[in-house]
Amino acid sequence: VTMSSFFKKNAVSKSNCPRCGLGSHCSAPRMKVAGKGGQRILVIGDSPSALDDDKGAFYRDSTGRRLKQELRHLGISLRDDCWYVPAVRCRPALNSKGEAGEVSTAHITNCRPYIQGIIKELRPEKILLLGETALHSYYDDRNKQCTSMFKMAGMQIWDSTYNTWVFPIWSTALIEKKKHDTLLFSEYKRCLKRAIHTEVQPFEKKWNPTYKLRNFKKAIKALTNCLRNDTLIAIDYETTGLDMYKAGHSTASFAWANDEGSWAVPVQHPYWNPKQQEEIYALVQKILKKRKIKKIVQGINFEYPWTKQQMKAEPRGFIWDTQLATHIIDNRTGVTGLKFQCFVRWGIEDYDKISGKYIKSNSKTGFNDMLKMPVDALLEYNALDSLYTYELYKEQQEQLVGTELDAYHFMHNGAIVMCEMSFNGIRIKESFYLKQKKLLEQERDDLIDLINTSDEATQYTRQRGGNFDYNSPKDLQIMLFKVLKLKSRKETKTGHSVDAEVLQKIDIELTRNIIAVRKLNKMIGTYVDGFLKHTHDGMMHPSFSLARARSFRSSSQSPNFQNVPKRDPKAKRITRSGMVPRDGRVLGEMDFSGAEISTSCYYHKDPTFIKYQTEGGGDMHNDACSHILLNEKDTKMPKPLRQCTKGVWTFSQFYGSYYVSCAKQGWEEYPLCVEKDGSPCQVKGMDIGDWMKQKYGSYKGFENHLKKFQSIFWDEWFTVYTEWKDKVCRDYERDGFVETFLGFKFKGYMDSKQCTNYPIQGTSFHLLVYTAVQFLKECRKQGLETLIVGQVHDSLILDIPLEEIDDVKRILSTIVGNLHEVFKWMDFPMGLDLEISKSYEQGGSFASMEPLEL
DNA sequence: ACGATCAGCGCG
DNA sequence: AAACGTGCTGATCGT
Numbered sequence: 026v027t028m029s030s031f032f033k034k035n036a037v038s039k040s041n042c043p044r045c046g047l048g049s050h051c052s053a054p055r056m057k058v059a060g061k062g063g064q065r066i067l068v069i070g071d072s073p074s075a076l077d078d079d080k081g082a083f084y085r086d087s088t089g090r091r092l093k094q095e096l097r098h099l100g101i102s103l104r105d106d107c108w109y110v111p112a113v114r115c116r117p118a119l120n121s122k123g124e125a126g127e128v129s130t131a132h133i134t135n136c137r138p139y140i141q142g143i144i145k146e147l148r149p150e151k152i153l154l155l156g157e158t159a160l161h162s163y164y165d166d167r168n169k170q171c172t173s174m175f176k177m178a179g180m181q182i183w184d185s186t187y188n189t190w191v192f193p194i195w196s197t198a199l200i201e202k203k204k205h206d207t208l209l210f211s212e213y214k215r216c217l218k219r220a221i222h223t224e225v226q227p228f229e230k231k232w233n234p235t236y237k238l239r240n241f242k243k244a245i246k247a248l249t250n251c252l253r254n255d256t257l258i259a260i261d262y263e264t265t266g267l268d269m270y271k272a273g274h275s276t277a278s279f280a281w282a283n284d285e286g287s288w289a290v291p292v293q294h295p296y297w298n299p300k301q302q303e304e305i306y307a308l309v310q311k312i313l314k315k316r317k318i319k320k321i322v323q324g325i326n327f328e329y330p331w332t333k334q335q336m337k338a339e340p341r342g343f344i345w346d347t348q349l350a351t352h353i354i355d356n357r358t359g360v361t362g363l364k365f366q367c368f369v370r371w372g373i374e375d376y377d378k379i380s381g382k383y384i385k386s387n388s389k390t391g392f393n394d395m396l397k398m399p400v401d402a403l404l405e406y407n408a409l410d411s412l413y414t415y416e417l418y419k420e421q422q423e424q425l426v427g428t429e430l431d432a433y434h435f436m437h438n439g440a441i442v443m444c445e446m447s448f449n450g451i452r453i454k455e456s457f458y459l460k461q462k463k464l465l466e467q468e469r470d471d472l473i474d475l476i477n478t479s480d481e482a483t484q485y486t487r488q489r490g491g492n493f494d495y496n497s498p499k500d501l502q503i504m505l506f507k508v509l510k511l512k513s514r515k516e517t518k519t520g521h522s523v524d525a526e527v528l529q530k531i532d533i534e535l536t537r538n539i540i541a542v543r544k545l546n547k548m549i550g551t552y553v554d555g556f557l558k559h560t561h562d563g564m565m566h567p568s569f570s571l572a573r574a575r576s577f578r579s580s581s582q583s584p585n586f587q588n589v590p591k592r593d594p595k596a597k598r599i600t601r602s603g604m605v606p607r608d609g610r611v612l613g614e615m616d617f618s619g620a621e622i623s624t625s626c627y628y629h630k631d632p633t634f635i636k637y638q639t640e641g642g643g644d645m646h647n648d649a650c651s652h653i654l655l656n657e658k659d660t661k662m663p664k665p666l667r668q669c670t671k672g673v674w675t676f677s678q679f680y681g682s683y684y685v686s687c688a689k690q691g692w693e694e695y696p697l698c699v700e701k702d703g704s705p706c707q708v709k710g711m712d713i714g715d716w717m718k719q720k721y722g723s724y725k726g727f728e729n730h731l732k733k734f735q736s737i738f739w740d741e742w743f744t745v746y747t748e749w750k751d752k753v754c755r756d757y758e759r760d761g762f763v764e765t766f767l768g769f770k771f772k773g774y775m776d777s778k779q780c781t782n783y784p785i786q787g788t789s790f791h792l793l794v795y796t797a798v799q800f801l802k803e804c805r806k807q808g809l810e811t812l813i814v815g816q817v818h819d820s821l822i823l824d825i826p827l828e829e830i831d832d833v834k835r836i837l838s839t840i841v842g843n844l845h846e847v848f849k850w851m852d853f854p855m856g857l858d859l860e861i862s863k864s865y866e867q868g869g870s871f872a873s874m875e876p877l878e879l
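Basically the numbering used here = 1-based index in the first sequence + 25.
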């Protein structure tokens, strides 16, 4: 009787895990913790492999050997110094392909009690969570924000429940599986090294007291004292909602924290009578307006405009945003929340347990139940928020030094300008959108009728039962690939794709109608409705955040101002015509020409590339086009083909695409290129489609041609660019981060494309930030009334009084023209384009912008 | 009823 | 292995 058959026989009868059943097929179910734990390190891995199962113990496979080897390099023996255990103790069932199947949430949940039991029993000093299964096992029942290794890997987290330090680390099995990914491996080694080499002490922190100001006299005294004596405080509001421009909101309470403690006071709250409310409100206003009281906030995008709009106070001395600082320290997504920071830094869980349900706003009304919360809970929560913000600030002062601190200050100035432009807002003609909405809905409903009464819909109902929902990708998949028996050409994670590209290729009346309905629904739902929802008193205030994007770009929300249609003429007209200048003004838009292309040059310094990008260096897109279609250098190509090359080749390649994708796209798109009159583009006297067939024979021939061209492009044309890319990746492998000219550091796991794309994207945007900051400064200095009302990565949208157009032109030309003097790493100037609309009185709008001579 | 996730689609 | 980044909507699934 072999060991494995012995276990198989006994697996079910011995099981203590009746809910799971995973053990029933295993040779070695319910593996127990192993190792001697000499250094009190507990390693929690994912789950046993088939080989582990066969051998009857965890980490007996190549993954285990790899881990042992890496630990040995760090002077640690897995057997002697650690305890180790899989988070799911039975080998996962095989999937249909015979590979190790997925571990489910249920498996993790069922095994969790054992894991928690051994932690209590062993009381480890450090816990290494090796892989996502371990991460979920450890955190899912306590904190829903600790979800992915992309976000958590490399952190050092104090756990106040088990009094231990936790180190999430990439799964060793994943490292084994992705052997070729040297960048991931380097991250893995760094995480492991940090976990092993960090000397730990039990975490202790003494927290300042919180004061809940429920007595009016005491409240006045405390506020007055703050106003007179405080020079640095963290502030926080609890409010009835997030949309500060919507009527009917109130500031339920206000809290501030300093080195001694934190205080919270009801403000526009029925706890006080109206007269008391007035007095408190006035004092809070004075604190907000006093420049000498420096303020720290968590999320300036909210606190700053709320101060202006709801507290009717000019925000002064807002010197730090802990959210922005968190983002600068760690640019990975999902780390900036105060709750999350409290959890990972100080092991604080659930301080919003009571307040949580009151804070959640009703999705229809936009109001929450803040005023219904017991005052005591409200003040405690508010005080804690400001207290934690203050403590976070203090830790960030220690953490952010050198170039990263410079980067913070640069972004802080930018953030205030973003707040100002959001506060300014853009004028909206609501009547226009209301009217468009009706027209679009009519147009859509007619199409829906056609779809619902089509033969296909009848056939669908006859075959499958139920009605065909044109809007459901699931129904559409059934319709196209089951009922109509068409062949799927593109897959998604869970099924067959039915996106516009697929529908366009199928090209029957049904798919044409669905494409049209989708476009209309997008216009109605995302844009028209979105604009109306966020417009108050004829003004819309999109928010612009600098603390979200991994690339250190901005993002925009409520509504997103950065994705309003521009390429499709009809969509452009409908969505942009209702954005208009104020009385006696025009809308203006300045944008950098080829912002990211130029910025890439500042980094890679490729002479061939720079020559293209500067005066008289030829036209890169045309030359690539000529190579791709003719295999000739420098032949002048028809404009639409050149334009097509940008998307098919140049930009794709710069973002890291490769010849096969480019070939597929080019083989489809080039033949569709037409001249202005609608006739097919001509090459050597032939239609482009016919020419390509003749020249390359088949798709495969075209692909081979692009394979060769890719080598020419990167190894002959842009050798220096290629060398730069290699160096950036090597440096990241060595250092664990990539740094920009302005001191921003990209951290966490990145693949080679991200390593080289982020600095270009980020820096390009930062030139715009600088331009916006300088422009606002200059406008104020010169007493101009021009307003910045929006921003789209490489462009600024302005609302300009007619008489200031020339001033704006001059100021912008100066600032942008001098960028390369300010930033010495710019080898040549950034290009500038300017467009303006007609005045409001002449019907000008964001839909019709005309170039302005510079 | 509500959160999470996916697919789809808009922009630079 | 094979295109970077973002936000919003509606459908779907699970609690």
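Glycine included, C-beta positions come from ideal geometry on N, C-alpha and C.
Whole-angstrom C-beta distance between residue j and residue i, which should lie under 8 Å
| i | j | result |
| --- | --- | --- |
| Y418 | T358 | No, Y418 and T358 are not in contact; Cβ-Cβ is about 22 Å, not under 8 Å. |
| D71 | T158 | 4 Å |
| A282 | Y415 | 4 Å |
| C440 | L349 | Looking at the sequence provided, one finds Ala at residue 440 rather than Cys. So it is a contact: roughly 6 Å between Cβ atoms. |
| C706 | P663 | 5 Å |
| D78 | S52 | 5 Å |
| A402 | L472 | Contact flag wrong, Cβ pair sits at about 52 Å. |
| E481 | L509 | 7 Å |
| I822 | E621 | In fact, because the Cβ distance is near 19 Å, the residues do not count as touching under 8 Å. |
| I453 | F556 | 6 Å |
Check whether residue i and residue j have beta carbons under 8 Å apart
| i | j | result |
| --- | --- | --- |
| V563 | S864 | Reading the sequence as shown, one finds Gly at residue 563 and not Val. Not closer than 8 Å, so no. |
| M565 | G450 | yes |
| R55 | R137 | no |
| A247 | I305 | no |
| S447 | P330 | yes |
| I836 | F800 | yes |
| F738 | T633 | no |
| H646 | Y746 | no |
| M180 | V369 | yes |
| V798 | N438 | yes |
| L155 | C171 | no |
| G342 | K319 | yes |
| I353 | A432 | yes |
| Q816 | R578 | no |
| A289 | N407 | yes |
Identity of the residue in the options nearest residue i by Cα
| i | options | result |
| --- | --- | --- |
| E339 | E328, W345, L349 | E328 |
| E224 | R65, S686, S820 | R65 |
| Q895 | K237, V292, I653, D858 | The shown model of the chain, from 26 to 879, leaves out residue 895, and the question about it has no answer. |
| S820 | S723, H791, D375 | H791 |
| I635 | K320, E468, R91, M855 | M855 |
| F766 | K849, S723, G48, D554 | K849 |
| G761 | Y774, I318, H222, L252 | Y774 |
| C251 | L571, K314, C650, D500 | K314 |
| I194 | K176, A307, T428 | K176 |
| Q582 | G372, H559, F457 | H559 |
| W345 | N298, F435, T428, Y139 | F435 |
Cβ-heavy atom distance, residue i to the ligand SAH, below 7 Å
| i | result |
| --- | --- |
| G619 | Among the components modelled here there is no ligand, and therefore nothing to report on the ligand SAH. |
Those residues which DSSP pairs with residue i across a bridge
| i | result |
| --- | --- |
| G856 | S618 |
| P705 | V699 |
| E886 | Because the chain spans 26 through 879 in this model, residue 886 falls outside it and cannot be assessed. |
| Q582 | S568 |
Where in the stretch 770-828 do unbroken runs of the alpha helix (DSSP H), each at least 4 residues long, occur, reported from the N-terminal end onward? Listed in chain order, the alpha helix (DSSP H) runs fully inside the stretch 770-828 are 777-806, counting runs of at least 4 residues.
Quick one: complete beta strand (DSSP E) runs, 3+ long, within the stretch 251-314? Runs found: 257-264, 276-282, 287-291.
Sequence ranges, alpha helix (DSSP H) only - wholly within the stretch 710-774, length at least 4: Segments of the alpha helix (DSSP H) lying fully in the stretch 710-774: 713-721, 724-736, 744-760.
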